[in-house]
Amino acid sequence: MLDTLVGNAPGVFHWLVLSTAMFSIGIYGLLTRRNAVGILMSIELLLNSASLNFIIFNRFVTPVSVDGEVMSIFIIAVAAAEVVVGMAIFVALYKSRKTVDVTQMNLMRN
Amino acid sequence: MNEAILTVLFYSFAAFSVLLALAVVTSRRILRAAVYLMGVLVSSAALFLMLGAEFLAGVQILVYVGGIVVLLVFAVMLTRSVELLEDRPSMIRKLTGFLAAGSFFAVSVAVLSMTQFPVLRDGARPDSNVAAIGRKLLDYGPEGYVLPFEVISLLLLSAVIGGIVIARKTAVSRATGDVEIMTEIQ
């Protein structure tokens, strides 16, 4: 039992498959959600798996430096900025249109 | 023994985060999705810790779980998405999403399984993760990140100002007829 566990220690491939899976789930959410806040959540999933990917490569490809972790910090900062602006837009849209359904947003169409 | 513990932790956290991520994108109640997202982010922090990025794990909890999820919950509440149950996505929408996500996953895994990732710069890992990141962020040499760091701080500032302006403008313009919104702002 213990030997099989030690033999199956996660390598770089396992980690990358995990982050790819989370990214794919984010893509699915992005394409199926109708509520704008739900779409924002899917984007958070995407950004989170991207920063996980950076840390994985940092750990397994250049373990001596911390460049990937610095990139992850930047991703987290961008995610925070994006959520602030996104939330402000949704609240403003909700006030004027009473909905945040993205299929009904056609302000720029005509 | 250490390896065995790491393996068990990896697979349990991986299963946990994938299941919760699926719940985030399929849950019809948006507030529940926010709570599931919090679970995903916390287990990501645990995964960061397993990868030796303890500073990132702390930042993840502080910014994502403490800030972004709270903001998302606010967005849910302010847009009254709590009360309405989201419609089930139509079959064609589901199929498109599934095809896009599935094909991305299949192609990525196929490419990843064929690729070797050589260790480019091997050596001792820095003793203090936090100190190494701090030096990297403020280093203005060829391998430093002081310029992106400054750009990010400007981006955050402009995002905050932009958020205030966007949210405020509509409130003021509709204030004449709508007392309820005015009291909400004050």
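Residue numbers (this note's numbering), protein chains in the order written: chain U, 848 to 957; chain X, 61 to 246.
Ideal Cβ positions, reconstructed from N, Cα and C, are used throughout, including at glycine.
Quick caveat: nothing in here was measured; it's all calculated off a predicted structure.
Residue burial classification, residue i (beta-carbon count within 10 angstroms, cutoff 16)
{"i": "residue 954 of chain U", "result": "exposed"}
{"i": "residue 97 of chain X", "result": "buried"}
{"i": "residue 84 of chain X", "result": "buried"}
{"i": "residue 214 of chain X", "result": "exposed"}
{"i": "residue 206 of chain X", "result": "exposed"}
{"i": "residue 148 of chain X", "result": "exposed"}
{"i": "residue 27 of chain X", "result": "The structure shown has nothing for residue 27 of chain X, since chain X only spans 61 to 246."}
{"i": "residue 244 of chain X", "result": "In this prediction, residue 244 of chain X has a pLDDT of 45, which is less than 50 and means its spatial position is unreliable; what the coordinates show is noted afterwards. Exposed, because fewer than 16 other Cβ atoms sit within 10 Å of the Cβ of residue 244 of chain X."}
{"i": "residue 246 of chain X", "result": "Residue confidence is low: residue 246 of chain X scores 40 on pLDDT, short of 50, so the model does not pin down where it sits. Its coordinate-derived value is still stated next. It is exposed - the Cβ of residue 246 of chain X has fewer than 16 other Cβ atoms within 10 Å."}
{"i": "residue 179 of chain X", "result": "exposed"}
{"i": "residue 193 of chain X", "result": "buried"}
{"i": "residue 77 of chain X", "result": "buried"}
{"i": "residue 120 of chain X", "result": "buried"}
{"i": "residue 93 of chain X", "result": "buried"}
{"i": "residue 250 of chain X", "result": "The first residue shown for chain X is 61 and the last is 246, placing residue 250 of chain X beyond what the model contains."}
{"i": "residue 928 of chain U", "result": "buried"}
Reference residue i, options the options, closest by Cα
{"i": "residue 886 of chain U", "options": "U:874, U:912, U:855, U:941", "result": "U:874"}
{"i": "residue 922 of chain U", "options": "X:89, X:205, X:212, X:194", "result": "X:212"}
{"i": "residue 217 of chain X", "options": "U:944, U:942, U:931", "result": "U:931"}
{"i": "residue 900 of chain U", "options": "U:929, U:861, U:879", "result": "U:861"}
{"i": "residue 891 of chain U", "options": "U:939, U:933, U:943, U:952", "result": "U:933"}
{"i": "residue 947 of chain U", "options": "X:165, X:152, X:139, X:170", "result": "X:139"}
{"i": "residue 107 of chain X", "options": "U:893, U:888, U:894, U:903", "result": "U:903"}
{"i": "residue 143 of chain X", "options": "X:81, X:199, X:130, X:91", "result": "X:91"}
{"i": "residue 868 of chain U", "options": "X:164, X:116, X:180, X:178", "result": "X:164"}
{"i": "residue 199 of chain X", "options": "U:863, U:851, U:883, U:917", "result": "U:917"}
{"i": "residue 128 of chain X", "options": "U:937, U:888, U:940, U:876", "result": "U:888"}
{"i": "residue 864 of chain U", "options": "X:115, X:191, X:167", "result": "X:167"}
{"i": "residue 176 of chain X", "options": "U:852, U:894, U:907", "result": "U:907"}
{"i": "residue 183 of chain X", "options": "U:912, U:855, U:877, U:951", "result": "U:912"}
{"i": "residue 941 of chain U", "options": "X:151, X:137, X:152, X:160", "result": "X:137"}
{"i": "residue 186 of chain X", "options": "U:920, U:905, U:927, U:956", "result": "U:905"}
{"i": "residue 162 of chain X", "options": "U:876, U:944, U:926, U:951", "result": "U:876"}
{"i": "residue 925 of chain U", "options": "U:894, U:849, U:855, U:881", "result": "U:894"}
Sheet register partners of residue i (DSSP bridge)
{"i": "residue 948 of chain U", "result": "U:882"}
Coil, strand or helix - residue i by DSSP
{"i": "residue 164 of chain X", "result": "helix"}
{"i": "residue 205 of chain X", "result": "coil"}
{"i": "residue 146 of chain X", "result": "coil"}
{"i": "residue 933 of chain U", "result": "helix"}
{"i": "residue 924 of chain U", "result": "helix"}
{"i": "residue 100 of chain X", "result": "helix"}
{"i": "residue 185 of chain X", "result": "coil"}
{"i": "residue 135 of chain X", "result": "helix"}
{"i": "residue 914 of chain U", "result": "helix"}
{"i": "residue 199 of chain X", "result": "coil"}
{"i": "residue 218 of chain X", "result": "helix"}
{"i": "residue 889 of chain U", "result": "helix"}
{"i": "residue 177 of chain X", "result": "coil"}
{"i": "residue 156 of chain X", "result": "helix"}
{"i": "residue 74 of chain X", "result": "helix"}
{"i": "residue 898 of chain U", "result": "helix"}
{"i": "residue 92 of chain X", "result": "helix"}
{"i": "residue 852 of chain U", "result": "helix"}
{"i": "residue 956 of chain U", "result": "coil"}
{"i": "residue 140 of chain X", "result": "coil"}
{"i": "residue 80 of chain X", "result": "helix"}
{"i": "residue 919 of chain U", "result": "helix"}
{"i": "residue 69 of chain X", "result": "helix"}
{"i": "residue 113 of chain X", "result": "coil"}
{"i": "residue 86 of chain X", "result": "helix"}
Supposed contact pair residue j and residue i - C-beta distance, whole angstroms, cut 8 Å
{"i": "residue 898 of chain U", "j": "residue 870 of chain U", "result": "In fact, because the Cβ distance is near 11 Å, the residues do not count as touching under 8 Å."}
{"i": "residue 879 of chain U", "j": "residue 196 of chain X", "result": "Actually they do not touch by this definition, with Cβ atoms about 39 Å apart."}
{"i": "residue 883 of chain U", "j": "residue 223 of chain X", "result": "Not quite, the Cβ-Cβ distance comes to about 15 Å (not below 8 Å), so this is no contact."}
{"i": "residue 910 of chain U", "j": "residue 70 of chain X", "result": "Not confirmed; about 17 Å, so no contact."}
{"i": "residue 102 of chain X", "j": "residue 125 of chain X", "result": "6 Å"}
{"i": "residue 172 of chain X", "j": "residue 872 of chain U", "result": "That pair is no contact at about 17 Å."}
{"i": "residue 938 of chain U", "j": "residue 227 of chain X", "result": "5 Å"}
{"i": "residue 189 of chain X", "j": "residue 135 of chain X", "result": "Rounded, the Cβ-Cβ distance is 33 Å, inconsistent with contact."}
{"i": "residue 852 of chain U", "j": "residue 64 of chain X", "result": "4 Å"}
{"i": "residue 110 of chain X", "j": "residue 79 of chain X", "result": "The pair is not a contact, with the Cβ atoms about 18 Å apart (cut-off 8 Å)."}
{"i": "residue 116 of chain X", "j": "residue 919 of chain U", "result": "5 Å"}
CB contact check: residue i to chain C, cutoff 8 Å
{"i": "residue 859 of chain U", "result": "The displayed structure is made up of protein chains U and X, and chain C is not among them."}
Proximity test, residue i beta-carbon vs the ligand PLP heavy atom, cut-off 7 Å
{"i": "residue 108 of chain X", "result": "What this structure holds is no ligand at all, so the ligand PLP is not there to describe."}
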